[in-house]
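Under numbering that gives the first Met the number 0, the sequence shown is numbered contiguously, ending at residue 409.
Note that the Cβ used here is the ideal one computed from N, Cα and C, for glycine as well.
As the structure is a computational prediction, the values presented were derived from the model and not from experiment.
Worksheet for the structure shown next.
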Amino acid sequence: MEKSVVSVVRVGADVESAVRRAIELAGGLDGLIGPESRVLIKPNICSRDRSGTGKITDARITGAVTKIILERKPSRVVIGEGSAVGYDFPDLQDTMMALEESGTKAEAERLGVPVVDLNRDSHREVEIPGALAMKTVKIASTVLESDVIISIPVMKTHIRSAITLSLKNMKGVMPGGEKRKTHQLGLELAIADLNTAVKPHFTVVDGLVGMEGLWEYPDDCVRPGLVGASRDPVALDSVFARIMGVEVREVMHLQYCQEKGLGIADPERIEVCGEAISEVRRPFRPAFEAVKSRYPGLAVLGEKACTGCTNEFISTLIYIRLAQQVDRLSGLTVVLGEAPEVLPAEKAVAIGKCAQRLEGRFPFVPGCPPGVDEITRKVCEVCHIDIRLVLQKREELHRTIAGKAMRESI
Ligand code: SF4
0 MEKSVVSVVR VGADVESAVR RAIELAGGLD GLIGPESRVL IKPNICSRDR
50 SGTGKITDAR ITGAVTKIIL ERKPSRVVIG EGSAVGYDFP DLQDTMMALE
100 ESGTKAEAER LGVPVVDLNR DSHREVEIPG ALAMKTVKIA STVLESDVII
150 SIPVMKTHIR SAITLSLKNM KGVMPGGEKR KTHQLGLELA IADLNTAVKP
200 HFTVVDGLVG MEGLWEYPDD CVRPGLVGAS RDPVALDSVF ARIMGVEVRE
250 VMHLQYCQEK GLGIADPERI EVCGEAISEV RRPFRPAFEA VKSRYPGLAV
300 LGEKACTGCT NEFISTLIYI RLAQQVDRLS GLTVVLGEAP EVLPAEKAVA
350 IGKCAQRLEG RFPFVPGCPP GVDEITRKVC EVCHIDIRLV LQKREELHRT
400 IAGKAMRESI
């Protein structure tokens, strides 16, 4: 029985040598990248965060992978990303700002490689053969013009898809608002369809620092200190799901991808090289468990929301918690994403365009996604929380987070 190979390597002081070893153990890049190759390197820079927070791919991993690829002298190498929904407003926040804040842009400049904002790239509509949910998808031109795609996800659990690793990282190749489609059509089906159109040829996963729970920094930081690699993104995601304590059979997009023949999710058909899973396994805390314990009395209906609204709302929760006002959230129901027809709640806030059907019946925050300040103001208003106190804590957090993240990542 032919098996997919996935490497798992512990990272010491020398990040680059760990990345090199992970790539070699996974079969290396021979036959994949040659002088004619046009290579796209796709880290996960979904939001404006620093390397070392675990929210985005660490720039040191992206830098090491880029350097190793450049040694093969391919005809073109670019680092491309299209950050999450809401990151296509250059005067407010966009992918370039996220690439800069993460340190990825500086790494690219050091290595002489261009960075591309895939959210604002030109694009083409691509048909998806055997689509489960998404018959066509718009893909950024830079991606379609590349013949080798290297995915560099960061190890995280996810509120809607259980995990976000190599396969979900491909969402960044969809320009701007096209990403919303994946949530409207069913995220896990759409991930399988997207990877039918654009599947990574090689993956290097950043497991230096990851995120569990609600991705609240620093409470939800996990430090596995690992890197891994594989030519099979489904197998890589399967192995790193198990390291995070997530049952592979419960991750629907892994099952769909395996059924579509995109790779192997079945642990019996995967060979793990380097560290054994049992040696490095560290269960990550699921998101809804964190909501329940951290915000008792708060109900969140967010099954159909995408990361746009979810991330903004989680930021609001962080600010309210820092202001020590969590008690006041008790009894509140928050609706993110498509709203139910009937909402048996006395105190509720509906957030985002998808929840608009509740407008007029409950306090509503428009936008797609709405800005975190608007969400914070509305939640504070409904829960009688002093908004000035919350905004003050937000400012304090933003002043300290950068330095702290960098110190802890070293
Ligand atoms: S309104 Fe929110 S959940 Fe709906 S598509 Fe926009 S960002 Fe996503």
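Of the residues the options, the one placed nearest residue i, counting alpha carbons only
i, options, result
"Cys-379", "Asn-118, Ala-132, Arg-327", "Arg-327"
"Ser-277", "Leu-69, Met-243, Val-14, Arg-356", "Met-243"
"Leu-143", "Pro-223, Gly-273, Val-125, Thr-135", "Val-125"
"Ala-304", "His-157, Ala-234, Gly-27, Val-8", "His-157"
"Arg-284", "Ser-3, Ser-229, Ser-82, Gly-209", "Gly-209"
"Glu-106", "Ala-83, Ser-145, Val-64", "Val-64"
"Val-10", "Leu-261, Gly-366, Arg-59", "Arg-59"
"Lys-170", "Gly-79, Leu-213, Met-96", "Gly-79"
"Val-76", "Lys-66, Ser-82, Gly-85, Pro-343", "Lys-66"
"Ile-55", "Gly-224, Gly-185, Trp-214", "Trp-214"
"Ser-292", "Thr-202, Arg-49, Asp-192, Asp-218", "Asp-218"
"Leu-261", "Leu-235, Ala-25, Tyr-294", "Leu-235"
"Ala-191", "Ile-386, Asp-57, Leu-131, Leu-98", "Leu-131"
"Gly-224", "Ser-314, Lys-137, Asp-57", "Asp-57"
"Arg-271", "Val-245, Ser-229, Glu-187", "Reading off the sequence shown, one finds Val at residue 271, where the question assumed Arg. For Val-271, the nearest C-alpha among the options comes from Ser-229."
"Thr-103", "Val-290, His-122, Ser-82", "Ser-82"
"Glu-288", "Leu-186, Ala-161, Thr-202, Leu-396", "Ala-161"
"Ala-298", "Tyr-255, Ala-349, Lys-167", "Ala-349"
"Lys-392", "Glu-211, Arg-241, Ile-319, Ser-16", "Ile-319"
"Ser-314", "Thr-163, Ser-36, Gly-370, Pro-113", "Gly-370"
"Met-0", "Ile-269, Leu-184, Val-115", "Ile-269"
"Ile-138", "Lys-377, Arg-123, Gly-129", "Arg-123"
"Glu-358", "Thr-375, Arg-376, Pro-339", "Pro-339"
"Cys-382", "Glu-345, Lys-352, Ala-354, Pro-365", "Glu-345"
Nearest-angstrom Cβ-Cβ length linking residue i and residue j, presumed shorter than 8 Å
i, j, result
"Val-226", "Gly-206", "6 Å"
"Met-251", "Lys-180", "That belief does not hold up - the Cβ atoms of Met-251 and Lys-180 are roughly 18 Å apart, past 8 Å."
"Ile-148", "Thr-61", "Between Thr-61 and Ile-148 the Cβ distance is about 14 Å, and since that is not below 8 Å, they are no contact."
"Val-7", "Gly-273", "5 Å"
"Pro-232", "Ser-165", "4 Å"
"Ser-43", "Val-153", "Here the sequence assigns Asn to residue 43, which means Ser is not the residue at that position. Contact flag correct, Cβ pair sits at about 5 Å."
"Gly-301", "Gly-85", "Actually they are not in contact, since the Cβ atoms of Gly-301 and Gly-85 sit about 16 Å apart, beyond 8 Å."
"Leu-28", "Arg-71", "6 Å"
"Leu-39", "Ser-121", "Wrong, their Cβ atoms sit about 15 Å apart, outside the cutoff."
"Lys-259", "Thr-195", "6 Å"
Assigned secondary structure, residue i (DSSP; H/G/I helix, E/B strand, else coil)
i, result
"Val-381", "helix"
"Pro-217", "coil"
"Pro-200", "The amino acid at residue 200 is misidentified as Pro; the sequence shows His. DSSP places His-200 in coil when its eight states are reduced to three."
"Glu-407", "Residue placement at Glu-407 cannot be trusted, given a pLDDT of 45 that sits under 50; what the coordinates show is reported in the next sentence. It is helical."
"Thr-61", "helix"
"Gly-336", "coil"
"Cys-272", "strand"
"Ser-3", "strand"
"Thr-56", "coil"
"Ile-265", "The sequence shown places Asp at residue 265, not Ile. Asp-265 falls in the coil class under three-state DSSP."
"Asp-205", "strand"
"Gly-224", "coil"
"Ala-132", "coil"
"Val-245", "coil"
"Leu-188", "helix"
"Pro-82", "Sequence check: residue 82 is Ser here, not Pro. Coil, per DSSP."
"Phe-287", "helix"
"Leu-98", "helix"
"Val-250", "coil"
"Ser-433", "The structure shown does not extend to residue 433, since the chain spans only 0 to 409, so no value can be given for it."
"Ser-229", "strand"
"Ser-292", "helix"
"Met-169", "helix"
"Gly-176", "helix"
"Glu-258", "helix"
"Leu-396", "helix"
DSSP bridge partner residues for residue i (one or two, in chain order)
i, result
"Leu-39", "Val-77, Ile-148"
"Asp-87", "Asp-93"
"Thr-163", "Lys-155"
"Thr-141", "Paired residue(s): none; Thr-141 is not in a bridge."
"Glu-106", "For Glu-106, which the question treats as bridged, DSSP gives no partner whatsoever."
"Glu-358", "Phe-361"
"Ile-350", "Leu-335, Val-364"
"Met-210", "Lys-155, Cys-220"
Start and end residues, beta strand (DSSP E) containing residue i
i, result
"Arg-20", "Careful: Arg-20 lies outside any beta strand (DSSP E), inside the alpha helix (DSSP H) at 14–24."
"Glu-124", "122–126"
"Ile-44", "Per DSSP, Ile-44 belongs to no beta strand (DSSP E) and is neither H nor E."
"Val-341", "No beta strand (DSSP E) contains Val-341, which DSSP labels as neither H nor E."
"Leu-235", "Where Leu-235 is concerned, there is no enclosing beta strand (DSSP E), although the alpha helix (DSSP H) it sits in stretches over 232–242."
"Val-325", "First-last for Val-325: undefined, no H or E at that position."
"Gly-300", "Before going further, note that residue 300 is Leu rather than Gly in the sequence given. Per DSSP, Leu-300 belongs to the beta strand (DSSP E) from 298–300."
The alpha helix (DSSP H) enclosing residue i, as first and last residue numbers
i, result
"Gly-307", "306–321"
"Val-10", "First-last for Val-10: undefined, no H or E at that position."
"Asp-116", "No alpha helix (DSSP H) holds Asp-116; the beta strand (DSSP E) holding it covers 114–116."
"Leu-31", "Neither: Leu-31 is in no alpha helix (DSSP H) and is coded neither H nor E."
Any non-hydrogen atom of ligand 3 within 6 Å of residue i CB
i, result
"Cys-382", "Ligand 3 is not part of the structure shown, which contains ligand 1 as its ligands."
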